[in-house]
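Below you'll find the structure, written out as structure tokens, and then a few comments.
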Amino acid sequence: MTMIPSLGGLAPLDLLLAGIAVSAVGGFGSLLLRSHDRAATIVAGLAGILAALAGLGAALPSFVAPPSVLDVAGPYPFAHFVLRMDPLAALMVTVISLLALTAWIYSLAYVREYAGRGVGAMGFFMNAFVASMTLTVVADNGFWFLIFFEMMSLASYFLVIFDQNDEAVSAGFLYFVVAHAGSVLIMAAFFILANYAGSLDFAAFRTAKLPGAVSSLVFVLGFLGFGAKAGMIPLHIWLPRAHPAAPSHASALMSGAMIKIGVFGIVKVAVDLLGGGEVLWWGLLVVGFGAVSAVLGVVYALAEHDIKKLLAYHSVENIGIILLGVGVGMIGIASHQPALAVLGLMAGLYHLINHAVFKGLLFLGAGSVIYRLHTKNMDQMGGLARTMPATATCFLIGALSISAIPPLNGFVSEWYTYQSLFAAALDGSALVKFATPIAAMLLALTGALAVMCFVKAYGVIFAGDPRGLRHNDVVEAPPTMIAGMGLLAVVCVVTGLGAPLIAPILSSVASATIGAQAVSVAEGASLFGSANHGTVSPPLIAVLVIGMAGLPLGLRAVLSNRGTPKPRRAAAPWAAGYLPDAEMAASAGSFAQPIRMFFRPLYQVRDDVAAAWDKVAFAFERLVCFARQTEPRWDRSIIDPIASATGSLGRRLQVVQGGDFRIYCLYIVAALVVLLALAAR
Amino acid sequence: MPDLDHFVLAILQSLVLLAAAPLVSGLSRVVRAKMHTRHGPGVLQDYRDLRKLMIRQDICPPAAGPAFRAMPVVMMAALLVIATGIPMVTRFSPLSACGDLITTIYLFALVRFFFALAGLDSGSSFASIGASRELTLGVLVEPVMLLSLIMAALLAGSTDLGAIGAAIASGQVQSIMATVLAAGAFAFAVYIELGKLPYDMAEAEQELQEGPLTEYSGPSLALVKWSMALKQTIVVAWFVGVFLPFGSAVDFSPSGLAIGLLGFVAKIVLIFVVVGVVENSVSRVRFRFTPRHSWFGVGFASLAFVFYLVGL
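Sequences listed follow chains U and X, in order. Just so it is clear: in the first sequence, position 489 is 491 by the numbering used here, and no numbers are missing. Just so it is clear: in the second sequence, position 64 is 468 by the numbering used here, and no numbers are missing.
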């Protein structure tokens, strides 16, 4: 076991386990205190915060350290309890812990929304959820990985059905089914690997020699299994229903952290365990699924009125963008271009972190609005920037980040993704040359649609006049909720402007995961993909935009006249002479109407798929109906004749069994005679 | 990090472009007047208009929030930053840290984001329809821009705008047909981005009362009008810098810079005259038919892609 000096001289994994123990105590404490909502909230929240801090303390030093391993002899020979903190796991633990930290801070006020509806149980499931996610990413044994993975799915299932209404229960059931179908595929992949490795330890998986076809089979099983968890299209059906049903801070964790474990699993199986494979189509498959998920995710998001559903569809989109980077990384491994492999995987991992941060922020922001207005329908919001300025500012930062607006973090990781696609297109085989520019174009389409979607989201919720309901009594969200959002908003800015410092660390994580030489991706304040492929400097852009903003302000001050009357507000916007009212303002539906018109075929696809599901359901109904009709038919044609035949046979045999003692004696004599005759022969 | 010469040139070209932008929009008005066979205002009329707006009272609608008030400033600032990175007088990007094709496209998205958001924030129904159309055009145009520029970038081996321009000017690109087709597709996208007839969807004066600009007045309107003129100049300069860099300065020699400047001005004037002629000889496309037109751009860019793949 490698000891890494970290906080208080504890090895990272010891610190991590200590945090998980605190989390367990907090979870059970919250369950015991379930009759006192306030106490349960605080116990669960404080334990969660401590555990998250321990997680960050354990993970941050491990980014650049050699992997540390904790090996406890397991209960069974095949189930060694092995934990491994390698750079990739450190990255995941950081993401989970950071989001958990903000979600717990946020929850201190937010769970009041759920007062009297089992806050204690929520604290328990949240703690279990975070702890099992953390353990999943550090587990280094197939058996324990699956155990923790299942724990994670179960804990989040209970959070999804927390509201107990019809929608939540049916969304939860769908989630349950898809999650377990995915688990079965992952299990199959691990068992095949174990068959060749002779053990369920990941260490043995890494060195196992698999024939090419088997290796591809394991990859496809793992890709589909973890892809279902990640919510990539077409395995996403559960995501837009399950995430909105959960409480907002749980949605933030599910969308920000849990679906990333799906991506982590894909990287783990394809790159870490199978070594990236020797065939190009693995990476191309991942790029293809990524591009489709990105475009369709955002197209479907645009048509949504429900703010949390909109955000959930955006998770599908961003998983697609992450997969683009990961896919290019795998193409790089297969085509023996280590620099490309590191660049692609780095871009994917960077977007993974960024999406966790801004999507967490956006879900928390949506939660604040729902906390005050008690509706998820955007068309009943509007004008909240004046009554909830802090929430609006945080949400705007999140919206700009997710729309990849420079110089925030979403732009940085998408820039690297473009650069990796570009580098792949420059020196790839014909198929790669063909696929990657198309993927880049689809990424541009995704970016433009995302801008539209978040202008709509921010605009309809926070800008203009209140729509639908009048809510003049709405006040700003409580301080702890703002603190949670504010922390993530700051991280959005830092991971954007601080990219020249962060990208090299992520590059080393990617190179350590692939087992390749580190690649230089930043110098001074500039970022670059490969040498001479173009540069960008987010801090410089930020300085320039802020500096240049002085010019219009100065021009306005200098050129306007002293005699000009002071600015004033008009009585109403101009409406071609009519009296304007709230019905005239843009709604979530009307704003996206042109896209719904222009992209009708894509929505048609979704409707067709839904119709196909309905057909399946209908066919199932027919089957049940048929079975019901068939049952009596079996009765009539087989059971009934047999029964009646038996009856009539019995009645005929009654002749023999007449009840006369003398005839019975005669039978015995006859039998004796027959037996004697047989014996004498 | 750029050295001082480059940095000064970057800031300078951005400021000069801002100062000259009303001249360019004035030129368009002169061409329009000529096409209508009327006298029309002089080429300096837009400066006078801006001056007049600047001393008027600023009136904003009751619903307007921070997004509405911030937009004129953010829009101009972002456009000025875009202008620092585009190669105009020189063959290289003066500030390559802002002169990457991806960065430029996404900085335009920053402009679009706030422009449309301000439309929604004004609470006016005309402004929100304009905002929706502005973003829809972005959706239709950005993929064409990216694909055509990526084709040129692949031929040049770099996503830096200056490097692409240099490769095209020196004839290093192998595939002539692909370059020409990519230039055609990009020109088409740039034309839509100009917001002129037949594609003046978002700010259509006659139809939408200038869309997102409906509720602006006084100094704010002056800033937005100025920014829109600047944006038109920048997108044309963008096209010139990447696909028509011939004659631009390869270093900082005074004669080279002078020739580069003259060439740049001549190209911009020529293009705007051509654009003016086109603009005044067509009628507006119905908004719902725009995708058919943008498919044309996608087709052009895809053809460039095919030519690139086969290496023609």
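Built from N, CA and C at the ideal position, the CB exists for glycine as well. Owing to the predicted nature of the structure, the values given are computational and were not obtained by experimental measurement.
Host beta strand (DSSP E) of residue i (start-end)
{"i": "U:F530", "result": "528–530"}
{"i": "U:M87", "result": "83–87"}
{"i": "U:L72", "result": "70–74"}
Separation of residue j from residue i, as counted between CA atoms
{"i": "U:D467", "j": "U:A587", "result": "8 angstroms"}
{"i": "U:V676", "j": "U:V657", "result": "22 angstroms"}
{"i": "X:V639", "j": "X:E597", "result": "8 angstroms"}
{"i": "U:I6", "j": "U:A61", "result": "Note that U:I6 scores a pLDDT of 42, beneath 50, so its modelled location is shaky and nothing firm can be said."}
{"i": "U:Y108", "j": "U:H251", "result": "7 angstroms"}
{"i": "U:T648", "j": "U:M189", "result": "51 angstroms"}
{"i": "X:L666", "j": "U:W576", "result": "45 angstroms"}
{"i": "U:I641", "j": "U:L187", "result": "42 angstroms"}
{"i": "U:T395", "j": "U:K310", "result": "18 angstroms"}
{"i": "U:G21", "j": "U:S99", "result": "10 angstroms"}
{"i": "U:S8", "j": "U:S70", "result": "With a pLDDT of 42 at U:S8, under the threshold of 50, the modelled position of that residue is not reliable, and the figure given next carries that caveat. U:S8 and U:S70: Cα-Cα distance of roughly 12 angstroms."}
{"i": "U:A239", "j": "X:A582", "result": "Looking at the sequence provided, one finds Ile at residue 239 of chain U rather than Ala. If I take the Cα positions, the gap works out to 41 angstroms."}
{"i": "U:S142", "j": "U:G76", "result": "At residue 142 of chain U the sequence reads Asp, which differs from the Ser that was named. For U:D142 and U:G76, the distance between alpha carbons rounds to 12 angstroms."}
{"i": "U:P68", "j": "U:K262", "result": "23 angstroms"}
{"i": "U:L678", "j": "U:I644", "result": "37 angstroms"}
{"i": "U:D637", "j": "U:V318", "result": "51 angstroms"}
{"i": "U:L546", "j": "X:A414", "result": "11 angstroms"}
{"i": "U:P573", "j": "X:P465", "result": "Pro is not the amino acid found at residue 573 of chain U; the sequence shown has Ala there. If I take the Cα positions, the gap works out to 7 angstroms."}
{"i": "U:L428", "j": "X:M555", "result": "10 angstroms"}
{"i": "X:L484", "j": "U:I543", "result": "11 angstroms"}
{"i": "U:V330", "j": "U:P340", "result": "11 angstroms"}
{"i": "X:Q417", "j": "X:T507", "result": "18 angstroms"}
Proximity of residue i and residue j at Cβ, strictly below 7 angstroms
{"i": "X:A531", "j": "X:P476", "result": "no"}
{"i": "U:L604", "j": "U:V301", "result": "yes"}
{"i": "X:A481", "j": "X:T637", "result": "no"}
{"i": "U:G285", "j": "U:A336", "result": "yes"}
{"i": "U:G227", "j": "U:G184", "result": "yes"}
{"i": "U:V476", "j": "U:T377", "result": "no"}
{"i": "U:S539", "j": "U:A527", "result": "yes"}
{"i": "X:L661", "j": "X:A653", "result": "yes"}
{"i": "U:M380", "j": "U:H307", "result": "yes"}
{"i": "X:F691", "j": "X:M632", "result": "no"}
{"i": "U:F424", "j": "X:T563", "result": "yes"}
{"i": "U:G122", "j": "U:L35", "result": "yes"}
{"i": "U:L90", "j": "U:L15", "result": "no"}
{"i": "U:V132", "j": "U:A102", "result": "yes"}
{"i": "X:L422", "j": "X:L505", "result": "no"}
Residues sharing a beta bridge with residue i, DSSP
{"i": "X:C464", "result": "U:R571"}
{"i": "U:T537", "result": "U:F530"}
{"i": "X:T494", "result": "X:A653"}
{"i": "U:N143", "result": "U:D203"}
{"i": "U:E525", "result": "U:S528"}
{"i": "X:D504", "result": "X:D564"}
{"i": "U:D308", "result": "U:N379"}
Span of the alpha helix (DSSP H), counted from its first residue to its last, around residue i
{"i": "U:M260", "result": "Unbroken run through U:M260: none, as it is neither H nor E."}
{"i": "X:S687", "result": "Looking at the DSSP string, X:S687 is not in any alpha helix (DSSP H), and its letter there is neither H nor E."}
{"i": "X:R436", "result": "408–439"}
{"i": "U:T377", "result": "Run containing U:T377: none; DSSP gives neither H nor E here."}
{"i": "U:I504", "result": "501–516"}
{"i": "U:R243", "result": "241–247"}
{"i": "U:L298", "result": "282–304"}
{"i": "X:D450", "result": "449–458"}
Closer than 6 angstroms: residue i CB and nearest the ligand COA heavy atom
{"i": "U:L19", "result": "In the structure on display, the ligand COA does not appear, and there are no ligands present to speak of."}
Taking contact to mean 3 or more Cβ pairs, one atom from each stretch, closer than 8 angstroms, check whether the segment 478–495 of chain U and the segment 318–329 of chain U are in contact.
no
Below 8 angstroms, how does it come out for the segment 523–541 of chain U and the segment 390–405 of chain U: are there three or more Cβ pairs, yes or no?
no
At a cut of 8 angstroms, does the segment 486–495 of chain X reach the segment 556–574 of chain X through at least three beta carbon pairs?
yes
Is it true that the segment 349–366 of chain U meets the segment 430–445 of chain X, where meeting means three or more beta-carbon pairs spaced less than 8 angstroms apart?
no
Can you find at least 3 beta carbon pairs, one from the segment 574–589 of chain X and one from the segment 701–712 of chain X, that sit closer than 8 angstroms?
yes
Report yes or no: do the segment 216–224 of chain U and the segment 275–283 of chain U share at least 3 C-beta pairs separated by less than 8 angstroms?
yes
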